[in-house]
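Worksheet: the structure to be examined is printed underneath.
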Amino acid sequence: MRKALRLRRLSRPHDDRYLFVPLDHSVSDGPVVPQDRWQELIRAVVQGGADAIIVHKGRVRTIDPAVLGGCALIVHLSAGTAHMADANAKVLVGEVDEALRLGADAVSVHVNIGSDTEARQLTDLGTVAAACDSWNVPLVVMAYARGPRIGDPKDPALLAHVVNIAADLGADIVKTALAHPAEDMADVVAGCPIPVVVAGGPASAHSLAGHARVAMDAGCAGLAVGRRVFTSPTPMHLVAELASIVHAPTDASLIHALTATLENR
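Using the working numbering, read the sequence shown as starting at 1 and increasing by one per residue.
Okay, here's the thing in structure tokens:
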């Protein structure tokens, strides 16, 4: 029951759709914004309508709790830097109970399938999943196909395998790349027993809003977009646009709302 309550907090409208904004890049690549703009960025993301932000444990201490409001907090437990010999390696740098003491609603870990350290990362995932089960804490797994044995990291069949690894090892929500071709993402989602959210991907000719619509049309449960948000000149407006796409009413929800309105007359 307690995990269900925490999962509910990860979707502001409680529609089982999610817009997460990862801001954990300061460990892997360096500061996302200058420190004097940090609170401004958090405020913009929250006011734009993000369902949750994802940060490392130390960064939590720099966030004014009042700024978060109804936005959930996910503490990321994996780390690796761009300066490592293996850029695809990830190690655990935090624990579930530690995240809970910081006020986290959920935790996340990163796993790169096909990397040279895949075995260690899978072991770490199993450890965190067991702790999440003990503490009734939702687990978000960022699962990608990355490494020297990976030919196409967006291959639909490979992504279908990747998201099911996350599900089978205890994830409640899995984040991965959008398949190519994008329409095949529907098969990836259909074969996975847990919600699938997609990363924002690199900046390209197509808009992020278009990327979001393609993902949602394929049946994804939402998006996890970090870099393209915090590098935007207008992050609040961008988040608001994405939130309107992710949480757009479905035909079923429209019917439910209409039925409720008629019953209350």
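In this text, a Cβ means the ideal position worked out from N, Cα and C, and glycines have one as well.
Residues in its own chain within less than 6 Å of residue i by CB, not counting five upstream and five downstream?
i      : result
Pro195 : Ile173 and Ala221
Ala4   : none
Pro212 : As written in the sequence, residue 212 is Ala, which differs from the Pro given in the question. Cβ neighbours of Ala212 beyond the five flanking positions: Leu223, Leu242 and Ile245.
Does the distance from the CB of residue i to the CB of residue j come in under 9 Å?
i      : j      : result
Leu238 : Ser232 : yes
Ala243 : Ala50  : yes
Leu10  : Pro138 : yes
Gly80  : Ser134 : no
Val188 : Val214 : no
Val229 : Val45  : yes
Leu19  : Val246 : yes
Arg61  : Leu102 : yes
Val96  : Ala52  : no
Gly226 : Val32  : yes
Leu158 : Thr127 : no
Val198 : Met185 : yes
The beta strand (DSSP E) with residue i in it runs from where to where?
i      : result
Lys175 : Ile173 to Thr176
Asn112 : Ala106 to Ile113
Val55  : Ala52 to Val55
Ile74  : Ala72 to His76
Leu19  : Tyr18 to Pro22
Ala160 : First-last for Ala160: Pro156 to Asp168, but that is the alpha helix (DSSP H), not the beta strand (DSSP E).
Val197 : Val196 to Ala199
Gly222 : Gly222 to Ala224
Round the Cβ separation of residue i and residue j to the nearest angstrom and send it over; I've been treating them as touching at under 8 Å.
i      : j      : result
Met183 : Ala160 : Looking at the sequence itself, residue 183 is Glu, so the reference to Met does not match. With a Cβ gap of about 14 Å, Glu183 and Ala160 do not count as contacting.
Lys90  : Gln121 : 5 Å
Ala279 : Leu125 : Within the shown structure, residues of the chain are numbered from 1 to 265, placing residue 279 beyond reach of any answer.
Gly58  : Pro235 : That belief does not hold up - the Cβ atoms of Gly58 and Pro235 are roughly 22 Å apart, past 8 Å.
Ala179 : Pro156 : 4 Å
Arg8   : His14  : 6 Å
Grab me the residues of residue i's own chain with a C-beta within less than 7 Å of its C-beta, minus the 5 sequence neighbours each way, in chain order.
i      : result
Ile150 : Gly114
Asp64  : Gln39
His110 : Ser78, Lys90 and Met142
Leu68  : Val46
Arg17  : Ser11, Ala221, Gly222, Val246 and His247
Gly94  : Lys57, Val75 and Leu77
I need the boundaries of the alpha helix (DSSP H) containing residue i, first residue and last residue.
i      : result
Gly103 : That residue, Gly103, is in no alpha helix (DSSP H); it is neither H nor E in DSSP.
Met216 : Leu208 to Asp217
Leu7   : Arg2 to Arg9
Val140 : It is not in any alpha helix (DSSP H) - Val140 instead sits in the beta strand (DSSP E) that spans Leu139 to Ala145.
Ala243 : Pro235 to Val246
Glu183 : From DSSP, Glu183 is part of no alpha helix (DSSP H); its letter is neither H nor E.
Thr282 : Only positions 1 to 265 of the chain appear in this structure, which leaves residue 282 out of reach.
Val46  : Trp38 to Gly48
Ser28  : His25 to Ser28
Val229 : Arg227 to Phe230
Val93  : Segment: none, Val93 is in no alpha helix (DSSP H) and carries neither H nor E.
Pro193 : Unbroken run through Pro193: none, as it is neither H nor E.
Ala66  : Pro65 to Leu68
Using a Cβ-Cβ cut-off of 8 Å (strictly less than) and excluding sequence neighbours within five positions of residue i, which residues of its own chain qualify?
i      : result
Cys325 : Past the edges of the chain, shown from 1 to 265, lies residue 325, and the structure says nothing about it.
Ala209 : Glu241, Leu242 and Ile245
Arg2   : Asn136
Ala129 : Leu139, Leu169, Gly170 and Ala171
Ala190 : Gly219
Ser26  : Val32, His56 and Arg59
Is the shortest distance between the beta-carbon of residue i and the beta-carbons of chain C less than 9 Å?
i      : result
Asp116 : Looking at the structure shown, chain C is missing, and only one protein chain is on hand.
Touching by the beta-carbon criterion (3+ pairs, under 8 Å), the stretch 103-113 and the stretch 70-77: yes
query: Should the stretch 113-124 be regarded as contacting the stretch 138-154, the criterion being three or more beta carbon pairs within less than 8 Å?
result: yes
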